[in-house]
Amino acid sequence: MCEFFWREKLTHDIRIAGIDDENILSGFLKVPRERFSQIEYPPQVVYSDQVIVTMKDQDEYSTSSQPSLMAYFMKIAHLCRGMKVLEIGSGTGYNACVMAQIVKENGLIVAVEYNQKFLLYAEKTARELGINNVIFVNDDGASGCEKYAPYDAIIVTVAADNIPYTWIKQLKPGGRIVLPIDIYVIDSQPAFVLEKIEDGIKGDYLFETRFLKARGSLGNLNQRNLEKLLSFEKLSYSQQNTVIYTNIQFLKLLHLSFWSLCMRSREICHIEENGYAVWNSWNGKWNIFGIIQKLFRLFDEWKSTNQSSLREIQIIYDLNMNFLRLKKRGN
Numbered sequence: 332m333c334e335f336f337w338r339e340k341l342t343h344d345i346r347i348a349g350i351d352d353e354n355i356l357s358g359f360l361k362v363p364r365e366r367f368s369q370i371e372y373p374p375q376v377v378y379s380d381q382v383i384v385t386m387k388d389q390d391e392y393s394t395s396s397q398p399s400l401m402a403y404f405m406k407i408a409h410l411c412r413g414m415k416v417l418e419i420g421s422g423t424g425y426n427a428c429v430m431a432q433i434v435k436e437n438g439l440i441v442a443v444e445y446n447q448k449f450l451l452y453a454e455k456t457a458r459e460l461g462i463n464n465v466i467f468v469n470d471d472g473a474s475g476c477e478k479y480a481p482y483d484a485i486i487v488t489v490a491a492d493n494i495p496y497t498w499i500k501q502l503k504p505g506g507r508i509v510l511p512i513d514i515y516v517i518d519s520q521p522a523f524v525l526e527k528i529e530d531g532i533k534g535d536y537l538f539e540t541r542f543l544k545a546r547g548s549l550g551n552l553n554q555r556n557l558e559k560l561l562s563f564e565k566l567s568y569s570q571q572n573t574v575i576y577t578n579i580q581f582l583k584l585l586h587l588s589f590w591s592l593c594m595r596s597r598e599i600c601h602i603e604e605n606g607y608a609v610w611n612s613w614n615g616k617w618n619i620f621g622i623i624q625k626l627f628r629l630f631d632e633w634k635s636t637n638q639s640s641l642r643e644i645q646i647i648y649d650l651n652m653n654f655l656r657l658k659k660r661g662n
């Protein structure tokens with residue numbers, strides 16, 4: 332009875348945070364959060380609307396994300412009865428099991444976790460609770476899970492530094508991906524929603540978040556871009572006629588459009604096929620080495636939106652996640 336009281340309190344807090352979908356609220360009411368934590372907490376901590384650490388494996392941690400934030404992700408993804416949902420970064424399984432209550436017995440949650448110990452703990456707990464419509468998969472989240480595709484929605488609960496094409500391929504037309512994106516070079520993790528439309532993908536910024544960073548192929552983009560940068564080290568400074576100055580907002584936009592940023596020492600660099608550019612944080616100027624096209628193209632697109640903030644811009648990609656254009660929201 333005491334446990335149910337605390338679950339009711341958490342559900343009340345989630346409602347106050349702006350979630351009024353009774354199906355989502357019911358999911359949180361039915362699942363005991365403390366069962367998914369190897370670390371013991373008093374009930375007022377377990378059922379607070381806060382992140383809690385649930386398990387440790389050497390230098391790796393699993394956390395249970397802020398419930399109201401996860402509820403908002405579910406709302407944005409349009410979670411409902413009968414859906415098949417892919418979760419990336421399931422940790423010890425609490426969020427996956429909440430979603431299992433929302434999609435009901437005729438729906439399915441496929442939860443992918445990189446750390447095997449966390450996954451085994453999640454699997455054991457779900458089995459003990461009799462939650463049978465969750466399948467846990469130990470893999471690099473960048474692979475998704477082809478076996479059970481296509482999915483109605485993909486919800487990511489770790490900060491990924493890129494969006495793999497495999498997720499787009501495994502998503503049904505009209506489906507949504509909701510995730511936090513790790514922009515390492517400026518320590519920013521904007522939540523983003525992607526929707527698969529008839530001829531491409533449209534992406535919208537939601538708000539800033541803070542999540543554990545993904546491991547594996549979803550968390551090593553900085554290193555991969557640095558390796559590309561090494562091949563350009565002999566390029567000389569380019570005397571291109573066009574000089575551009577940009578701000579932090581543009582850096583976010585650049586990363587979300589081309590996944591091209593990396594940090595070299597304390598320099599922020601943008602990498603292309605035939606050159607690179609270095610951003611001067613003091614005055615916002617880009618110094619160009621070799622041949623750069625995407626940077627200028629995006630800058631022109633940004634100017635066409637009156638250099639609007641991310642909140643006012645929609646990013647349009649093709650079905651292979653190649654950048655196409657920017658669109659002012661509401662137009």
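Take the sequence shown: its letter number 147 is residue 478 in our numbering, and every next letter is one higher. Cβ coordinates follow ideal geometry from the N, Cα and C atoms, glycine included. Please read all numbers here as calculations on a predicted model, not as lab measurements.
_I need the boundaries of the alpha helix (DSSP H) containing E598, first residue and last residue._
First-last for E598: 598 to 602, but that is the beta strand (DSSP E), not the alpha helix (DSSP H).
*Under 8 angstroms between C-beta atoms of K435 and R458*: For the 8 angstroms CB-CB criterion, K435 and R458 do not form a contact.
*Taking all protein chains shown into account, do 16 or more other C-beta atoms lie within 10 angstroms of the C-beta of W613, making it buried, or fewer, making it exposed?*
exposed
*What are the start and end residues of the alpha helix (DSSP H) that includes C593?*
Counting along the chain, C593 falls outside any alpha helix (DSSP H), though it belongs to the beta strand (DSSP E) covering 592 to 595.
*From the DSSP output, which residues share a beta bridge with F336?*
According to DSSP, F336 bridges with nothing at all.
*Closest Cβ-Cβ distance between D631 and chain B: below 8 angstroms?*
Among the chains in the structure shown there is no chain B, since it carries only a single protein chain.
_Backbone CA spacing between L582 and W590 [nearest angstrom]_ = 10 angstroms
_Let me make sure I understand the geometry here. Which of S639, E632, N618 has the alpha-carbon closest to that of F654?_
E632
_Inter-residue spacing [alpha-carbon to alpha-carbon] between Q389 and F449_ = 12 angstroms
_I need the straight-line Cα distance from C600 to I528, nearest angstrom please._
32 angstroms
*Should S574 be labelled buried (16 or more other beta-carbon atoms within 10 Å of its own) or exposed?*
Here the sequence assigns Val to residue 574, which means Ser is not the residue at that position. By the 10 Å Cβ count, V574 comes out exposed.
*When the Cα atoms are used, what is the spatial distance from S399 to G461?*
24 angstroms
*asked:* Please state whether the Cβ-Cβ distance between V443 and E418 is less than 8 angstroms.
replied: In contact: V443 and E418 (Cβ atoms closer than 8 angstroms).
_Boundaries of the beta strand (DSSP E) in which R507 is found, first to last residue_ = 502 to 511
*Please determine, among L626, L585, R597, S596, the residue with the shortest C-alpha to C-alpha distance to N605.*
L626
_Among N437, G420, V416, whose alpha-carbon lies nearest the alpha-carbon of A480?_
It is V416.
*Sorry if obvious, but does the Cβ on F467 come closer than 7 angstroms to a heavy atom of the ligand FAD?*
Among the components of this structure there are no ligands whatsoever, and the ligand FAD is therefore not found.
*If we call anything under 8 angstroms between Cβ atoms a contact, is S395 one with V382?*
Going by C-beta atoms, S395 is nearer than 8 angstroms to V382.
_My assumption, with CB atoms under 8 angstroms, is that G475 sits in contact with G420. Please give the rounded CB distance._
Actually they do not touch by this definition, with Cβ atoms about 12 angstroms apart.
*Give me the Cα-Cα distance between E643 and L629, rounded to the nearest whole angstrom.*
16 angstroms
*Taking buried to mean at least 16 other C-beta atoms within 10 Å of its own C-beta, is G661 buried or exposed?*
exposed
_Nearest candidate by alpha-carbon position, reference I494, set V516, Q447, L549_ = L549
*If you drop the 5 nearest sequence neighbours on each side, which residues of the same chain put their C-beta closer than 6 angstroms to that of E603?*
The beta carbon of E603 lies closer than 6 angstroms to those of I623, K625 in the same chain, with the five residues before and after it left out.
*Would you mind working out which of T423, A545, L584, E454 sits nearest K634, comparing C-alpha positions?*
L584
*Sequence ranges, alpha helix (DSSP H) only - wholly within the region 376 to 414, length at least 4*: 398 to 407
*In three-state DSSP terms, what is L561?*
helix
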